[in-house]
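Residue numbers for the sequence shown follow our numbering, so the first one is 1 and each next one is one higher.
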Amino acid sequence: MAVTVAVLVAAAGVTVAVLRGGGSGSDAEQKSFCWGTLKRGDVAALGTRLLPRYASDEGDLKGSTLATCQVGAGLDAHGVMKQLQFSLSVGGSPSNDVWHLADDVAGVSPFRAPLAGVPGWVNRSVAGVLLPASCSARLHFGGAAYVRVQTLADQDRTWRDGTLQRRMADVLMTAATGLTRQLGCSSTSFKTTAAAPRLLEGHAPASGEACGLPGFGVPAKYTEQYATHGDFRLWSCALRAGSEEVHFTVTQDPYLLWLKGSGSGSDRWSATLNCDGKKTLVQTGSEDDALARGFRAALARKANCS
C-alpha cells in the first residue's frame, strides 16, 4: 500500500518538508501538497470538477534544475499522475532582460499581463512570480528564483473573463509565500495588491499613438498591438506584423531594476532613466533603431523621463 512519504530537503540551512503523493490504490487522504505549501482547498480551486482525492508528486528542491510538482488524483502503477490538474514549478531564470525573463517565468505570449504589486505575470494557462531576491541563494537553481503554476486540464476553456487568471494568481501566491516562509526569505512587500488583470487583448495600433504613447508612430505593417494598462511599474507592449514581433518593456519594480544592475550596463536595447522622479528601466526588443528611438522619445514625453 502506497503511503505519503515525508522527505526532508535542506536548502541553505533551512529544512523544507517535501510531501510526495501516494500511488494508485491508496485510501489515505493527502492533507498538504507541493512541498507543504498548498492545502486541499487550494488544489481543488484549479480543478473544473472536484476529484475524489488529490495527490501531489514533487521534484527535489535541492536539485540544480527546475523542480516540478504535479497535482492530480494520484500516481498509477507506472508512476504517472492520473487526472493531472496542474503543475507547480520552482526554478531560476538566468535572464535580466525583462521580456525574456517573463517568458521563463510565465510563458511566451503577447497576451501576458502583469500581476499587481509583485514581479509576476499571468497568461492564458500559466502564471508566474519572481520570489524575493534572498530566496535565490537558498534554492541554488541559478538566476532569479521563481514559482510558476500551469493548468493542464483545459481550465482555460471552462473559465473565462479573468476567472482562471484570478484562481491561478491565488494559488500561485499561496504557494510562493509558503515557500518563502519555509526558506526564511519572506518579505512583507511580497503580496499582490489587487485582482489579477484580464489577459491583454489585441488591437490595431492607433495612428501616431501606438502602445498608448502619443507621438509614437509605427510602420503600417504592424497590424496588432498588445499593451498593458496603468502605470509603468511593470509595463509592456508587443507589436505584430504576421509572424514578426517586436516588444518594449518599462519597469520601475525594485527587484527587476536590481537584476539589471547586477548584469551588463546600458546598451542599444536597454537604458535606465528617471521618469517622473522614479528610477525606470526601459528595454526595446527591436532591430529597428529608428523604431526604438521613436518609442523612447514618446515614452520620455509621456512619463517625463530624463
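Backbone N, C-alpha and C define an ideal beta-carbon position, used for all residues, glycine too.
Supposed contact pair residue j and residue i - C-beta distance, whole angstroms, cut 8 Å
i	j	result
residue 250	residue 291	Actually they do not touch by this definition, with Cβ atoms about 15 Å apart.
residue 192	residue 176	With 8 Å as the limit, residue 192 and residue 176 do not qualify as a contact, their Cβ atoms being about 10 Å apart.
residue 147	residue 171	Not confirmed; about 10 Å, so no contact.
residue 54	residue 80	Between residue 80 and residue 54 the Cβ distance is about 16 Å, and since that is not below 8 Å, they are no contact.
residue 153	residue 47	7 Å
residue 241	residue 222	5 Å
residue 145	residue 101	That pair is no contact at about 12 Å.
Buried or exposed by the 16-neighbour rule on C-beta atoms within 10 Å, applied to residue i
i	result
residue 188	exposed
residue 235	buried
residue 208	exposed
residue 304	exposed
residue 91	buried
residue 274	exposed
residue 293	exposed
residue 50	exposed
residue 167	buried
residue 163	exposed
residue 270	buried
residue 93	buried
6 Å CB neighbourhood of residue i in its chain, flanking five on each side removed
i	result
residue 302	213
residue 248	237, 284 and 295
residue 265	Per-residue confidence for residue 265 stands at a pLDDT of 48, beneath the threshold of 50, marking its modelled position as unreliable; the derived number appears in the next sentence. Nothing listed; no residue qualifies.
residue 107	123 and 126
residue 202	224 and 226
residue 89	66, 68 and 148
residue 56	21, 33, 34, 69 and 71
Residue from the options whose Cα sits closest to the Cα of residue i
i	options	result
residue 113	107, 163 and 122	122
residue 204	238, 174 and 197	238
residue 35	50, 179 and 85	179
residue 165	206, 115 and 40	115
residue 120	269, 268, 254 and 222	254
residue 281	102, 198, 288 and 272	272
residue 279	256, 211, 98 and 269	256
residue 297	258, 243, 277 and 210	210
residue 87	93, 64, 306 and 33	33
Chain-order list of residues whose beta-carbon lies under 8 Å from that of residue i (same chain, five-residue window excluded)
i	result
residue 24	Note that residue 24 scores a pLDDT of 38, beneath 50, so its modelled location is shaky and nothing firm can be said.
residue 186	132, 177 and 180
residue 200	110, 111, 112, 113, 226, 227 and 228
residue 118	129, 130, 173, 190, 191 and 192
residue 263	For residue 263, the predicted model reports a pLDDT of 47, less than 50, meaning its position is unreliable; a value from the coordinates is still stated below. For residue 263, where only same-chain residues beyond five positions count, the Cβ hits under 8 Å are 96.
residue 289	268
residue 198	113, 161, 162 and 165
residue 151	46, 85, 86, 125, 126, 164 and 168
Alpha-carbon spacing of residue i relative to residue j, whole angstroms
i	j	result
residue 161	residue 43	21 Å
residue 174	residue 220	44 Å
residue 62	residue 68	12 Å
residue 299	residue 232	10 Å
residue 287	residue 260	20 Å
residue 84	residue 155	12 Å
residue 308	residue 66	The structure shown does not extend to residue 308, since the chain spans only 1 to 306, so no value can be given for it.
residue 58	residue 45	19 Å
residue 29	residue 105	31 Å
residue 252	residue 224	26 Å
residue 26	residue 158	Per-residue confidence for residue 26 stands at a pLDDT of 49, beneath the threshold of 50, marking its modelled position as unreliable; the derived number appears in the next sentence. Between residue 26 and residue 158, the C-alpha separation is close to 30 Å.
residue 194	residue 244	33 Å
residue 306	residue 98	21 Å
residue 141	residue 258	19 Å
residue 215	residue 206	10 Å
residue 41	residue 31	10 Å
residue 230	residue 103	21 Å
residue 64	residue 37	21 Å
residue 52	residue 60	27 Å
Near the ligand GTP: residue i beta-carbon under 6 Å from a heavy atom
i	result
residue 170	Questions concerning the ligand GTP fall outside what the structure shown contains, since it holds no ligand whatsoever.
7 Å CB neighbourhood of residue i in its chain, flanking five on each side removed
i	result
residue 276	303 and 304
residue 39	32
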